[in-house]
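So the protein sequences, as listed, match chains A and B. So the first sequence is residues -7 to 203, counted in this note's numbering. So the second sequence is residues -7 to 203, counted in this note's numbering. Each remark here refers to the structure printed beneath this line.
2 protein chains.
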Amino acid sequence: MSEAVEAVSARTPRLTARGAATRARIVEAAAELMYVQGVNATTLDDVRAASGTSKSQLYNHFADKDALVRAVAELWAARVLAREEAHLSRLNSFNGLVRWRNALVQRNAAQNGAYGCALGSMATEVSDHDHEARETLSATFQRWEQLLADGLRRMQDSGRLRPDADADALATGLIAALQGGYLLAQTARNVRPMELALDMALDHVRTLLTS
Amino acid sequence: MSEAVEAVSARTPRLTARGAATRARIVEAAAELMYVQGVNATTLDDVRAASGTSKSQLYNHFADKDALVRAVAELWAARVLAREEAHLSRLNSFNGLVRWRNALVQRNAAQNGAYGCALGSMATEVSDHDHEARETLSATFQRWEQLLADGLRRMQDSGRLRPDADADALATGLIAALQGGYLLAQTARNVRPMELALDMALDHVRTLLTS
DNA sequence: ACGTGACGGGACGTTCAGGTCCAGAACGCT
DNA sequence: AGCGTTCTGGACCTGAACGTCCCGTCACGT
C-alpha cells in the first residue's frame, strides 16, 4: 500500500510528514468505509468523521470524490496483492493451493461472506462510472492471476503439474471461481458456495497433476 | 416476469388495466436503466423520463425507491430464470451444456462484457443495503443452480454423467464460474475471461462423464 | 523570534435526488 | 349521462451530499 501513497505524493511534491500522515488516514478510513458500506453509500462526511480530519483536508489531498475512490482502489489493490504475494510467491505444490484456498475461505467465513472481496465489489460498483479506476482494478486482477500462473508454472517445472496444462487459463479460472464464490457467498450470507466454487476449481487442477 | 408483476398487483388489488400498464412501464424502464447505469446512479427522475410517467405515478405504485428496486430485482430474477429455464429445462447432454455456455458468452460478447450479469451486479450493489432484495437475489441464484443441477441429474439418469458426481455442488460451481467470469469480463471489458472460466468449469464436468 | 508556506477546522453555498401534494383528466359503473 | 374512484401531471418541499472559502495554527528555515 505504500506504493499507492507514494505514487500520489510524487504528483504533489510539497508534502510534509504530517500532511502525508493525514492523507494516509483519509485513504485508510475511506477504504474501510467503502468496503463495508459500498462506495456510493460512503459520504465524504463519513470519511471526514472516521479519519478525524476535515473537509478542507479531503480537498487538499484529493480533487474530488472520484480521486479519493481511485486512491482507495489503489490501496485495496496494493493490500490484496501484498497479501496474495505472501501466500503465492512460493507456491509450488497442490497442497500450497489448498492452503491458499483455506486461508481465503477462513477469512471470508469470519464475516459470513458479507462485504465480499474488496476488489470485486469495487469493480462492479465503479466500472460503469470511472474508467480509470476500472482499469486499475482490471490490472490488479491480471497481476493476481499472474501470481497464480507463476505458481502453477513452478509446479510444472518441478514435474507436479502436467506440462500441457495452460497455466494462464487455469489462473483465470481460479480467480473467476474465487470471485464468483465471493459473490454467491455475499448474496447468501454464507461461505458455503465459495467453498464449493473453489473446491471445484481445485478438483479440476487435481485432474491435471502428474499422478 | 409476469410473476413479479402479479405478485405485487395482488398486494394492491384495486388497479385498472391502465394503472397496471403504467406500473409495468415504470419497472421495465427502471430495470433497463439500473442494469446499464447501476442502481445508485439511476435517479427517479431518470425513471420518470424513460417511462413517460410522472413522479406521482412512481409513488402511487411504489412506497419508495427501495420498493422500486425490489420490483426491479424481481423482474430481472423472473427474466433470467425464464431465459435459463428455456435453455436448461431439457438439458440432458454435455453438448447441451456447451450450447448453454455459448449462448451466454455470445450474449455477453455483444456488449464487450459491459454491465455484467443483471443479477450479479444488483446483488453486489444491493446486498449491503436491502436485505429483502438480497434474499430475492439469493433465492434466484439457488433456483438457477437447481435448473442446472436438475439437468445434471438427468445426465446421470441417462448414464452420461457418473452417478457419484455431486450435481448440486457442480451446479454451484458452474454458476460461480459464470458469475466470476462476468465480473472479470466486465472489469476488463473483454469476454475472454468469462470464456476461460466457463471452459474450465465445463472441462471439469467433462472429466466426470462416463467415458 | 519572525515570516513564509503548508496544514487544519468548520461554516457556508449550491445542486440535486427523494419524496409530497393537489387539482384536473380519464375511466368505469349504474 | 352522471358520479365516484382511480390515474395523471407537474409544481413544490426538504434534506443531504459535494464542493468552496476563509481564517487560524503549526512547523521550519534564517
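Here a beta-carbon is modelled for each residue, glycine too, at the ideal position from N, C-alpha and C. Note that the structure is predicted; figures quoted are calculated from it, not measured.
| query | result |
| --- | --- |
| Could you run through the segment 130 to 157 of chain A and flag, in chain order, every residue whose CB is less than 7 angstroms away from some CB of chain B? | Ser130, Phe133 |
| So the alpha helix (DSSP H) Pro155 of chain B belongs to, where does it begin and stop? | Premise fails: Pro155 of chain B is in no alpha helix (DSSP H) and is neither H nor E. |
| For Ala95 of chain B and Ala69 of chain A, what's the separation of their Cα atoms in angstroms? | 33 angstroms |
| Whose Cβ in chain B lies nearer than 7 angstroms to the Cβ of Gly44 of chain A? | Result: empty, since nearest Cβ-Cβ is about 24 angstroms, beyond 7 angstroms. |
| Secondary structure at Met(-7) of chain B, three-state DSSP: helix, strand or coil? | Because the pLDDT of Met(-7) of chain B is 39, which lies under 50, any placement of that residue in the model is unreliable, and the number read from its coordinates should be weighed accordingly. Residue state, collapsed to three classes: coil. |
| Taking 8 angstroms as the cut-off, does the segment 110 to 122 of chain B touch the segment 177 to 184 of chain A (at least 3 CB pairs, one atom from each stretch)? | yes |
| Rounded to the nearest angstrom, how far is the Cβ of Ala21 of chain B from that of Ser48 of chain B, given a contact under 8 angstroms? | Rounded, the Cβ-Cβ distance is 16 angstroms, inconsistent with contact. |
| Specify, as a first and last residue, the run of the alpha helix (DSSP H) that Ala23 of chain A falls within. | 9 to 29 |
| Which term fits Gly151 of chain B, buried or exposed, when burial requires 16 or more other beta carbons within 10 angstroms of its beta carbon? | exposed |
| Quick check: is the beta carbon of Gly108 of chain B nearer than 8 angstroms to any beta carbon in chain A? | yes |
| So with Cβ pairs under 8 angstroms, would you call His121 of chain B a contact of chain A? | yes |
| Of the residues A:Gly165, A:Gly173, A:Arg198, A:Gln98, which one's Cα is nearest the Cα of Trp136 of chain A? | A:Gly165 |
| What are the boundary residues of the alpha helix (DSSP H) that Ser48 of chain A is part of? | 47 to 53 |
| Once DSSP output is grouped into helix, strand and coil, what is the label at Leu201 of chain B? | strand |
| Determine the chain B residues that contact Arg126 of chain A at a beta-carbon separation under 7 angstroms, and present them in chain order. | Thr179 |
| My understanding is that Arg154 of chain B touches Phe86 of chain B, with C-beta atoms under 8 angstroms, so please give their C-beta distance in whole angstroms. | With a Cβ gap of about 12 angstroms, Arg154 of chain B and Phe86 of chain B do not count as contacting. |
| Less than 7 angstroms separating the Cβ of Ser113 of chain B from some heavy atom of the ligand COA? | The model on display carries no ligand, and the ligand COA is accordingly not part of it. |
| Nearest-angstrom Cα distance between Ile167 of chain B and Arg62 of chain A? | 30 angstroms |
| Mind listing the chain B neighbours of Gln29 of chain A? Cutoff is C-beta to C-beta under 8 angstroms, in chain order. | Asp120 |
| Which one of B:Gly30, B:Asn32, B:Gln29, B:Leu25 has the shortest CA to CA distance from Arg40 of chain B? | B:Leu25 |
| Which residues in chain B have a C-beta closer than 7 angstroms to the C-beta of Asp195 of chain A? List them in chain order. | His196 |
| For Asp149 of chain B, does the count of other Cβ atoms within 10 angstroms reach 16, so buried, or fall short, so exposed? | exposed |
| Say whether chain B places a C-beta atom closer than 8 angstroms to the C-beta of Ala22 of chain A. | no |
| Per DSSP, what kind of secondary structure is Asp149 of chain A in: helix, strand or coil? | helix |
| Could you give the DSSP three-state label for Ser85 of chain A: helix, strand or coil? | coil |
| Let me confirm a value: Thr202 of chain B is counted as buried when at least 16 other C-beta atoms fall within 10 Å, else exposed. Which label applies? | exposed |
| Should Met192 of chain B be flagged as near chain A, meaning a C-beta pair shorter than 8 angstroms? | yes |
| Considering just the uninterrupted stretch of the alpha helix (DSSP H) at Thr116 of chain B, what are its terminal residues? | 110 to 118 |
| Could you check where the alpha helix (DSSP H) with His79 of chain A kicks off and where it finishes? | 57 to 80 |
| What residues in its chain sit with their C-beta under 6 angstroms from that of Ala110 of chain B, if we drop five residues either side in the sequence? | Tyr27, Trp68 |
| For chain B, find out if any of its Cβ atoms is closer than 8 angstroms to the Cβ of Thr202 of chain A; answer yes or no. | no |
| For the alpha helix (DSSP H) containing Asp37 of chain B, list its first residue and its last residue. | 36 to 43 |
| Roughly how many angstroms separate the alpha carbons of Leu190 of chain B and Asp191 of chain A, rounded to a whole number? | 15 angstroms |
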